[in-house]
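Here this note's numbering = 1-based position in the sequence shown + 95.
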Amino acid sequence: MTTAERTPRSPAKSRIAHRGQGVIRRSVHNLPGQRGLQRPIALSSATPTRRASALGAGAQAHPVLHLRRSITRFLANETKAGLLLIAVAVAALVIANTPLNEAYQDLAHLHFGPEVLGLNLSVHAWAADGILTVFFFVVGLELKTEFVTGALRDMREAALPMIAAAFGMLGPAIVYVVIQSVTSTHAYHGWAVPTATDIAFAVALLGIFGRGLPPAARTFLLTLAVVDDLLAIIVIAVFYSGTLNFLALAASLVTVAVFAVLVNRNVTSPWLLIPLGVVAWGLMFNSGVHATIAGVALGLVVPARRDAHGHQMTHAFVEKVGPWSAGLALPIFAFFAAGVPVLGAEGGLAGALADPVTFSIALALPLGKLLGIWGSVAVLVRFTKLRLGNGVDLPDVAAIALLAGIGFTVAMLIAGLAFKGDEVETFHASFGVILGTFSSALLGAVALHRRTRVRARGASSAK
């Protein structure tokens with residue numbers, strides 16, 4: 096018997112080699128022949144890593160571990176995580192319009208937290224200002240990854256979807272403002288509500304109805320969504336922050352800097368980093384800047400450079416935090432944000448539908464995104480050297496633009512900030528987001544289905 100026959104290959108070494116290659120393989124799948132979008136595992140539809148499946152055999156002896164890994168694999172699939180979010184949102188909307196609404200509202204307005212620290216908040220506020228920070232931390236990690244090693248590293252490749260993302264926010268804002276002007280309502284402070292794209296919903300529907308589209312179509316949507324996230328964060332920080340407490344803001348930024356020093360020295364102990372993150376969040380909340388910005392800042396300071404084994408700390412953090420974001424933070428926020436008591440609110444359903452705020456947002460999401468994204472790409476491809484390529488045509492961009500009108504999570508957050516203090520208008524704005532989101536989802540699904548039946552591609556972008 097030879098040495099090779101006597102010595103079995105170490106499964107541990109095989110797993111480590113695969114873990115680093117998994118990210119690269121997904122990137123190549125996204126955009127063949129190019130660097131592609133380095134999407135973290137928590138928002139990737141790729142299959143779980145070999146490490147998880149290899150550990151699965153041992154998990155049979157530990158049912159709790161097996162259950163935890165099964166949940167993690169479920170949430171790591173962006174399509175399933177998106178469907179979970181949709182189910183929670185629909186459940187909240189139904190509950191809020193049934194006799195259970197009174198109990199639902201009592202729970203949402205229940206206050207708890209240390210008053211001395213300025214953190215005695217309602218459950219609804221904890222969901223929007225507190226736990227949603229986990230989601231924004233993951234967003235920060237994704238942005239850092241894209242800027243360092245992903246699609247946003249090469250401006251020549253990312254220019255078209257990046258510009259489209261900017262116009263994709265401008266289009267809905269213009270549609271909203273025009274409707275407000277025509278109806279003489281003048282609720283202009285809600286202009287930013289329909290500008291955001293919900294990546295979880297949009298990618299989930301692309302995975303369901305867009306099978307058969309070129310991989311570059313998914314890359315286009317993801318790049319678009321990443322830039323949209325960045326712009327939405329800027330909008331929240333600039334337009335929807337309160338009176339600034341510069342001392343608390345400076346203390347929060349110092350805490351973020353300490354966090355940055357530790358992670359850049361490979362200190363990754365959760366017993367140290369989580370308390371620092373909580374302190375940075377609490378100080379940011381008391382500074383007047385929206386507290387979720389702390390999550391973005393913490394994510395952006397995590398190093399994204401690859402080590403000698405091809406691993407990235409940003410990816411490692413997303414693998415650990417991503418399931419908490421997809422399975423806990425987003426569903427809890429969705430449950431308390433989507434519970435719009437349309438039937439019991441002032442004016443009822445008819446009053447909500449007749450409010451210009453409602454139908455401005457509902458129309459601006461699908462129409463504004465379509466005009467902004469598809470229109471800008473059509474003009475840029477026609478009059479500049481920028482091209483789509485890789486089998487993606489303008490009709491594909493139109494379908495993607497409609498999906499980008501799915502603005503649930505961040506749009507709901509901005510609705511609460513834009514109409515803060517006016518409960519009826521907040522309900523109507525949230526209802527508009529729901530209507531616009533579902534109409535965008537329906538139109539996007541139909542458009543994707545039609546595009547998947549097209550076999551001849553590349554003609555429109557080659558002109």
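Every residue, glycine too, gets a C-beta built ideally from N, C-alpha and C.
Cβ-based burial, residue i [other Cβ within 10 Å; buried from 16]
i      : result
Val474 : exposed
Asp402 : exposed
Gly307 : exposed
Val416 : buried
Asp517 : exposed
His281 : exposed
Gly285 : buried
Met250 : exposed
Ala510 : buried
Asp323 : buried
Ser165 : exposed
Leu236 : buried
Ile329 : exposed
His219 : buried
Leu559 : Summary: the structure shown does not reach residue 559, with the chain confined to residues 96 through 558, and so no result is reported for it.
Leu342 : exposed
Glu252 : buried
Met182 : Contrary to the premise, residue 182 reads as Ala rather than Met in this sequence. With fewer than 16 other Cβ atoms within 10 Å, it is exposed.
Sequence-distant residues of the same chain with beta carbon closer than 8 Å to residue i, five excluded per side
i      : result
Leu344 : Leu378, Met379, Ser382, Gly383, Val384
Lys515 : Thr521
Pro451 : Ile274, Gln275, Thr278, Thr280, Ala282
Tyr335 : Ala287, His385, Ile509, Leu512, Ala513
His544 : Phe304
Val371 : In the sequence under discussion, the amino acid at residue 371 is Leu, which differs from the Val named in the question. The residues are Thr350, Val353, Phe354, Leu357.
Ile190 : Asn196, Tyr199, Gly434
Asp224 : Leu216, Phe380, His385, Ala386, Thr387
Ser525 : Ala432, Ala433, Val435, Met507, Ala510, Gly511
Alpha-carbon to alpha-carbon, residue j and residue i
i      : j      : result
Ala327 : Ala291 : 6 Å
Lys239 : Arg400 : 10 Å
Val487 : Ile303 : 18 Å
Leu489 : Glu414 : 34 Å
Gly394 : Phe231 : 8 Å
Asn340 : Ala332 : 14 Å
Ser217 : Ala203 : 7 Å
Ser506 : Val528 : Going by the sequence as given, residue 506 is Ala instead of Ser. The alpha-carbon atoms of Ala506 and Val528 are separated by roughly 7 Å.
Phe428 : Phe478 : 43 Å
Phe412 : Ile226 : 17 Å
Leu444 : Thr453 : 11 Å
Leu367 : Thr314 : 35 Å
His161 : Phe296 : 27 Å
Glu241 : Ala449 : 42 Å
Phe207 : His410 : 34 Å
Phe262 : Ala320 : 12 Å
Leu538 : Lys464 : 12 Å
Asp293 : Ala493 : 17 Å
Cβ neighbours of residue i in the same chain (closer than 7 Å, five flanking residues each side left out)
i      : result
Gly213 : Asn381
Thr228 : Trp376, Ala386, Thr387, Ala389, Gly390
Asp491 : Leu308, Ala312, Arg546
Ala254 : Leu481
Leu466 : Gly266
Ala540 : Leu300, Phe304
Ala424 : Ile226, Leu227, Val229, Phe230
Neighbourhood of residue i by C-beta distance below 6 Å, restricted to the same chain and skipping five residues each side
i      : result
Leu170 : Ala176, Pro418, Ala421, Gly422
Ala107 : Caution applies to Ala107, whose pLDDT of 43 falls short of 50 and renders its modelled position unreliable; the value that the coordinates give is listed next. Hits under 6 Å: none found.
Val243 : Ala399
Tyr271 : Trp286, Pro289, Ser455, Ala459
Ala457 : Gly527, Leu530, Gly531
Met264 : Thr290, Leu326
Ala187 : Phe430, Ala433, Gly434
Met408 : Val397, Pro398
Any non-hydrogen atom of the ligand NAD closer than 7 Å to residue i Cβ
i      : result
Gly305 : Annotation note on the ligand NAD: not contained in the displayed structure, which lists no ligands.
Three-way DSSP call (helix, strand, coil) for residue i in this model
i      : result
Ser217 : strand
Leu481 : coil
Leu438 : coil
Arg251 : helix
Arg546 : helix
Arg120 : Caution is warranted here: a pLDDT of 35 is assigned to Arg120, below 50, making its placement in the model unreliable, and the coordinate value is therefore given only provisionally. If DSSP states are grouped into helix, strand and coil, Arg120 belongs with the helices.
Curious, which full-length beta strand (DSSP E) runs of at least 3 residues does the stretch 338-397 contain? none
What ranges does the beta strand (DSSP E) occupy inside the stretch 160-215, keeping only unbroken runs of at least 3 residues that lie completely in it? none
Can you check the stretch 470-524 for any alpha helix (DSSP H) of at least 4 residues that lies completely inside it and give the ranges in chain order? 470-478, 489-498, 503-513
Of all the beta strand (DSSP E) runs that stay within the bounds of the stretch 271-335, which reach a length of 3 or more residues? none
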